[in-house]
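Below you'll find the structure, written out as structure tokens, and then a few comments.
Written out as structure tokens, the structure reads:
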């Protein structure tokens, strides 16, 4: 009896459904509708709010001190663009427009759930329902996938969503030759460049698979043009966006910040290759990574499976080499291998097919392999996932406290001077005028990394570097009150930074504390203080 018969498949699906329900309850218990990193989120979420509220993708700072964020770069005039493409922000903007600023935080959890559904359907068509259920479990116990499910609100889960569903329709097209399947495969794959530029190399695999499966008959040719038509809809829209924003259909926001030749190089590949492979093995891939590689080579070597083998190889090979050649080095934490999350889906899909072949028609062997694999990967993956989920809860809990205190104490429209981490999320909310803390970079005071516009860099870091701390704070105060107008000014800093301001205030100015958040040493040295800056008569 085959292990993929209806009864066995139903049992497997029921089992994984129970496991998945428990997984969702567990992971979502850590969910808070906010983000709490200085990762990529500000570049996506702020762009989403601007799209939803103003119908544009760039911002124009209203003050020399307005917080910009590390992922925003200056284009023509006073326009600042996010370096990231507009695909994810468009999805987030829809949620923001209709449901408010908390709703976009649910995008990744929802898409991650749909990724699991897509993996199940793809694997069911390749190996049967039982093995498809195993593929879902392998992803659920993977710490990188779990962390992105709930914490890292960047483009990698959206890429995985569009990738796995485009694969689903691509493989269906291989069997059916239906124009609709070809069109949907092309449409979904064409969305990938608008989500994350680097993952565009995956399209090589789609193009090659279409090419080797397209014959000279009319149906094949029409299928090819259907796929191209679907692809050109999102790809064409992205090129129009790039043309209007950066003057060239192939230019991106990265071109305003980096020289492309300095982003990728063979020297980075040499330095990063082993570190990336080691990080993959250490963070959940010790089983499916080598098994996936073996499976890809096995499929490539067989006459009946070489086409799919070619697809798998081209889906993971160029992507892995690309990011091994990236200027961001690999490390021991999950975020350094987040670029390979899409490749992990492919490895898992291949792994369950290899396991199916190893089990043959023996249900006992299939059950034994499945239990062994799940236990092995879960024992390694779940503790790591729990660690990151607890860190997530702690960091997001802190940001929620900051947000709630600001909403209670700081009137909407006031100027709020804050550090970069808190500014990232508060700026997205758009309730206050977020100002940078650049003035604090002085020999006698704390040193900060500030993300602001170039005019402020010139004024405070170049022209003002030889001024005393008091003179710098005086200049800072003038710019703050010019922006505030008839409004109020608040600062959100730690105790040491607060003292720096108090010791260097212009004559007549006062700073009065009005809120405090204990931090238990997590992000700051002591606690975070909110204070109101009152203007004296000495400022003109």
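Numbering (the numbering used here), first residue to last: 14 to 553. C-beta atoms are modelled at their ideal positions from N, C-alpha and C, and glycine is treated no differently. Computed from a predicted structure; not experimentally measured.
Enumerate, from N- to C-terminal direction, the unbroken beta strand (DSSP E) stretches of 3 or more residues contained entirely within the stretch 220-261. As far as the stretch 220-261 is concerned, it has no whole beta strand (DSSP E) run of at least 3 residues.
Short of 6 Å in beta carbon distance, which residues of its chain neighbour residue 222, apart from the five on each side in sequence? Order them along the chain. So the list reads 324, once near-sequence residues are dropped.
Does chain C have any CB closer than 9 Å to the CB of residue 483? The chain inventory of the structure shown lacks chain C, comprising one protein chain alone.
Assign residue 197 to one of two classes, buried (16 or more other C-beta atoms within 10 Å of its C-beta) or exposed (fewer than that). Buried, because 16 or more other Cβ atoms sit within 10 Å of the Cβ of residue 197.
DSSP-derived helix/strand/coil call for residue 531: Reduced to three states, the DSSP call for residue 531 is strand.
Run through the stretch 358-442 for me and flag every whole alpha helix (DSSP H) of 4 or more residues, listed as ranges in chain order. Fully enclosed alpha helix (DSSP H) runs of 4 or longer: 376-422 and 433-442.
When the distance is taken between beta carbons, is residue 358 closer than 9 Å to residue 177? In this structure, residue 177 places its C-beta atom within 9 Å of the C-beta atom of residue 358.
Quick check: the Cα distance between residue 111 and residue 231, rounded to an integer number of angstroms? When the Cα atoms are used, residue 111 and residue 231 turn out to be separated by approximately 45 Å.
Excluding five sequence neighbours on each side, which residues of the same chain lie with their C-beta closer than 7 Å to the C-beta of residue 318? Apart from the 5 residues on each side of it in sequence, residue 318 sits with its Cβ closer than 7 Å to the Cβ of 312 in its chain, given in chain order.
Straight-line CA distance for residue 441 to residue 55? So the alpha carbons of these two residues sit roughly 7 Å apart.
Quick one: measure Cβ to Cβ for residue 448 and residue 60, integer angstroms, because I've assumed they're closer than 8 Å. Contact doesn't hold; Cβ gap of about 20 Å is too wide.
Given residue 300, which residues of its chain have a CB within under 7 Å of its CB, disregarding the five upstream and five downstream residues? Scanning its chain for C-beta atoms nearer than 7 Å, with the 5 sequence neighbours on each side dropped, one finds around residue 300 the residues 386, 389 and 390, in chain order.
Is it a yes or a no for the stretch 401-416 touching the stretch 39-50, going by three-plus beta-carbon pairs under 8 Å? Contact check between the stretch 401-416 and the stretch 39-50: three or more CB pairs, one atom from each, fall below 8 Å, which counts as touching.
For the stretch 239-251 against the stretch 190-205, are there 3 or more C-beta pairs whose distance is under 8 Å? Cβ pair count under 8 Å is three or more, so yes.
Assign residue 257 to buried or exposed, taking buried as 16 or more other Cβ atoms, counted over all protein chains shown, within 10 Å of its Cβ. Residue 257 comes out exposed.
Could you tell me which of 398, 329, 439 and 420 sits nearest to residue 212, measuring between CA atoms? Comparing Cα positions, the closest option is 329.
Which residues in the same chain have their Cβ closer than 7 Å to the Cβ of residue 86, if we skip the five residues on either side of it in sequence? Closer than 7 Å at the Cβ level, and outside the excluded window around residue 86, lie 93, 94, 96, 266, 269 and 270.
I believe residue 426 touches residue 500 by the beta-carbon criterion, under 8 Å. Please report the beta-carbon distance rounded to the nearest angstrom. About 6 Å separates the two Cβ atoms, so the contact holds.
Would you grab the beta carbon distance between residue 151 and residue 350 for me? Rounded to a whole angstrom, and I think it's under 8 Å. Their Cβ separation, rounded to whole angstroms, is 16 Å, which puts residue 151 and residue 350 out of contact at 8 Å.
Given residue 410, which residues of its chain have a CB within under 8 Å of its CB, disregarding the five upstream and five downstream residues? When the five nearest sequence neighbours on each side are left out, the beta carbons in the same chain lying within less than 8 Å of the beta carbon of residue 410 are those of 45, in order along the chain.
Given 8 Å as the limit, is there contact between the stretch 367-387 and the stretch 182-189, that is, 3 or more CB pairs closer than that? The stretch 367-387, when compared against the stretch 182-189, does not touch it at the 8 Å Cβ threshold.
Tell me which residue opens and which closes the beta strand (DSSP E) that residue 543 is part of. First-last of the beta strand (DSSP E) with residue 543: 540-547.
Where the alpha helix (DSSP H) containing residue 507 begins and where it ends: In the DSSP assignment, residue 507 falls outside any alpha helix (DSSP H) and within the unbroken beta strand (DSSP E) covering 502-507.
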